[in-house]
Amino acid sequence: MKKLVLLWLFSLAFIAGCSDAPTFAGKPDAPDETDKQILFHIHNADYAAADSLITMRLKEKPDHPKYYFLKSSLLFHARYFYATQANRDSIKNLFGDYCRQTIRLAEKLPPTTENKFYLGSAHSYLSRVHIMNRSFTDAYFDAATGEDYLEDVIEENPEYYDAYLNLGVLQYFIATRTNWWQSGLAFLSGMSGNKEDALRQLRLVHEKGAFNKNEAGFILTQVYQFFENSTENARVYGMWYRDNFPNNFFMERQYNMIALTDLITQRGVQYFESNIDSLAAKYTLTNAGPLNGVGYRLITDNKTEDALVIFRVNMKLFPEVANCYDSYAEANALLGRKEEAIKYYTMAYDKTLTDQSLNEEFKKTLQTGIQDKLKELRK
Numbered sequence: 061m062k063k064l065v066l067l068w069l070f071s072l073a074f075i076a077g078c079s080d081a082p083t084f085a086g087k088p089d090a091p092d093e094t095d096k097q098i099l100f101h102i103h104n105a106d107y108a109a110a111d112s113l114i115t116m117r118l119k120e121k122p123d124h125p126k127y128y129f130l131k132s133s134l135l136f137h138a139r140y141f142y143a144t145q146a147n148r149d150s151i152k153n154l155f156g157d158y159c160r161q162t163i164r165l166a167e168k169l170p171p172t173t174e175n176k177f178y179l180g181s182a183h184s185y186l187s188r189v190h191i192m193n194r195s196f197t198d199a200y201f202d203a204a205t206g207e208d209y210l211e212d213v214i215e216e217n218p219e220y221y222d223a224y225l226n227l228g229v230l231q232y233f234i235a236t237r238t239n240w241w242q243s244g245l246a247f248l249s250g251m252s253g254n255k256e257d258a259l260r261q262l263r264l265v266h267e268k269g270a271f272n273k274n275e276a277g278f279i280l281t282q283v284y285q286f287f288e289n290s291t292e293n294a295r296v297y298g299m300w301y302r303d304n305f306p307n308n309f310f311m312e313r314q315y316n317m318i319a320l321t322d323l324i325t326q327r328g329v330q331y332f333e334s335n336i337d338s339l340a341a342k343y344t345l346t347n348a349g350p351l352n353g354v355g356y357r358l359i360t361d362n363k364t365e366d367a368l369v370i371f372r373v374n375m376k377l378f379p380e381v382a383n384c385y386d387s388y389a390e391a392n393a394l395l396g397r398k399e400e401a402i403k404y405y406t407m408a409y410d411k412t413l414t415d416q417s418l419n420e421e422f423k424k425t426l427q428t429g430i431q432d433k434l435k436e437l438r439k
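First residue of the sequence shown: 61, per the numbering used here; consecutive thereafter.
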């Protein structure tokens with residue numbers, strides 16, 4: 061059994077290094093004041109401040125996996141929260157490197173509850189790197205390894221609430237986001253998914269967690285908004301996140317999307333279109349992202365005609381943004397309006413050549429997608 065093999069490896073590491081390896085407590089390791097500052101800065105989108113504190117702690121405690129774990133968390137969120145000079149692939153690769161470093165350090169230490177938590181969390185994070193790379197087999201085996209460690213943590217101490225976070229993410233992903241062969245692979249790996257259990261675990265971490273409380277709030281906002289279609293729950297967690305991390309403009313936009321969805325549901329898209337000038341100022345519509353998200357939420361709710369209006373408004377607000385035209389074309393295609401779809405996909409492609417908001421990675425992805433859709437529509 062894989063769990064026994066891992067414990068055996070832990071035993072070898074302990075025997076080989078017990079004379080000089082640092083030993084950490086088996087009880088939940090409450091964050092100290094510096095840790096709390098790091099966690100705040102990570103979620104408040106203060107990349108430099110968080111990175112500086114983590115670097116300081118890595119110099120002070122170079123053999124403690126905690127700060128490699130926190131660096132992994134910083135890099136994971138950097139792909140969403142921060143305006144950095146590095147591209148997303150570079151950040152992703154660095155994220156993976158720190159996950160592996162966390163694992164290497166924790167494997168050298170005695171198998172305490174705390175060290176198992178770092179191992180389980182790092183393997184779970186590493187599975188996300190594999191998913192980003194579409195290496196699903198590697199993703200599931202890292203996720204299964206992470207699950208084993210985290211289940212051990214909870215078995216040893218059910219009040220180690222942070223350990224429930226990645227178990228909840230894993231369960232939710234398997235229950236809702238996998239296709240048939242991925243589900244089969246998960247089954248062969250010994251994993252299973254239950255959506256309600258997953259949500260319960262994530263809520264528990266948000267309520268009682270220490271290191272993962274903020275991340276649980278971030279995840280719950282996304283899950284309820286985009287996958288559960290529960291605006292009410294998304295609003296609760298989104299408001300909590302916005303109030304606690306006022307500098308996180310990514311999550312502010314997420315909250316504005318929730319508020320806009322509420323407004324459109326209550327007042328209708330025609331009201332929104334007629335009052336766009338005042339509403340754009342009220343909801344800080346300074347880029348095309350929020351309305352694009354609202355439009356796709358409406359498509360999910362089978363309100364594609366309403367989504368078409370939202371995408372049309374977005375094109376008027378941001379006439380140079382290629383993705384606005386791509387979304388408008390997609391809504392027309394879904395409604396069976398083939399010629400309109402072709403027209404706006406063509407315009408979207410032309411806009412990619414001059415759109416200054418596109419990085420090279422997304423530009424290539426967008427252009428390839430548009431070409432594929434035009435090819436299909438012209439058959």
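From the three backbone atoms N, C-alpha and C, an ideal C-beta is built for every residue, glycine too.
Nothing here was measured: the structure is a model prediction, and the numbers come from that model.
Rounded to whole angstroms, what is the Cα-Cα separation between residue i and residue j?
i, j, result
"asparagine 153", "methionine 192", "10 Å"
"glycine 206", "glutamate 333", "48 Å"
"tyrosine 301", "tyrosine 284", "14 Å"
"valine 213", "phenylalanine 141", "30 Å"
"methionine 311", "threonine 364", "25 Å"
"tyrosine 331", "arginine 372", "14 Å"
"leucine 434", "lysine 423", "16 Å"
"leucine 368", "glutamine 161", "47 Å"
"serine 132", "leucine 179", "12 Å"
"isoleucine 163", "alanine 235", "27 Å"
"leucine 113", "proline 170", "26 Å"
"aspartate 182", "arginine 139", "The sequence as given places alanine at residue 182; aspartate does not occur at that position. About 17 Å."
"phenylalanine 155", "lysine 398", "42 Å"
"glycine 396", "cysteine 384", "19 Å"
"leucine 426", "aspartate 361", "24 Å"
"lysine 273", "lysine 439", "51 Å"
"serine 417", "proline 350", "15 Å"
Give the secondary structure of residue i by DSSP, where H, G and I count as helix, E and B as strand, and everything else as coil.
i, result
"alanine 439", "The residue you asked about is not alanine; residue 439 is lysine in the sequence shown. If DSSP states are grouped into helix, strand and coil, lysine 439 belongs with coil."
"asparagine 153", "helix"
"asparagine 274", "helix"
"threonine 328", "Strictly speaking, residue 328 in this sequence is glycine, with threonine absent from that position. Three-state DSSP puts glycine 328 in coil, outside helix and strand."
"methionine 116", "helix"
"glutamate 219", "coil"
"glutamate 380", "coil"
"glutamine 416", "coil"
"leucine 134", "helix"
"histidine 124", "coil"
"serine 195", "coil"
"leucine 248", "Any reading at leucine 248 must be qualified, since the residue scores a pLDDT of 44, below 50, and its modelled position is unreliable; no value is offered."
"threonine 172", "coil"
"alanine 76", "Only weak support is given to the placement of alanine 76: the predicted model assigns it a pLDDT of 30, under 50, and the question is left unresolved by the model."
"asparagine 304", "helix"
"leucine 230", "helix"
"serine 181", "helix"
"arginine 139", "helix"
"lysine 423", "helix"
Residue i and residue j: beta carbons closer than 9 Å?
i, j, result
"phenylalanine 286", "arginine 357", "yes"
"alanine 90", "isoleucine 102", "no"
"lysine 376", "isoleucine 430", "no"
"leucine 437", "alanine 382", "no"
"tyrosine 220", "threonine 173", "yes"
"aspartate 208", "lysine 168", "no"
"leucine 134", "cysteine 159", "no"
"histidine 137", "glutamate 275", "yes"
"asparagine 374", "alanine 348", "yes"
"asparagine 289", "leucine 280", "no"
"glutamate 380", "threonine 346", "no"
"aspartate 314", "glycine 328", "The amino acid at residue 314 is misidentified as aspartate; the sequence shows glutamine. Their beta carbons are not under 9 Å apart, which means glutamine 314 does not touch glycine 328 by this criterion."
"leucine 210", "alanine 223", "yes"
"asparagine 304", "glycine 269", "no"
"phenylalanine 309", "alanine 105", "yes"
"aspartate 157", "glutamate 421", "no"
"threonine 344", "asparagine 316", "yes"
"proline 218", "asparagine 175", "no"
Kindly say whether residue i, judged by its beta-carbon, lies nearer than 9 Å to any beta-carbon of chain D.
i, result
"asparagine 362", "Structure shown: chain D not included; a single protein chain is present."
Item to check | Cβ pair count under 8 Å reaching 3, the segment 113-124 against the segment 88-99 | outcome: With the cut-off at 8 Å, the segment 113-124 and the segment 88-99 touch.
Checklist entry - Three or more beta-carbon pairs under 8 Å between the segment 352-372 and the segment 310-324, yes or no? => result Touching, per the Cβ criterion.
Next on the checklist: I want to know whether the segment 378-388 touches the segment 402-410 - three or more CB-CB distances under 8 Å.
Outcome noted: Look at the beta carbons and you see the segment 378-388 touching the segment 402-410: at least three pairs across the two are nearer than 8 Å.
Next on the checklist: If contact is defined by three or more beta carbon pairs under 8 Å, each pair taking one atom from either stretch, is the segment 211-231 in contact with the segment 262-278?
Outcome noted: Contact between the segment 262-278 and the segment 211-231 is present, because at least three Cβ pairs lie under 8 Å.
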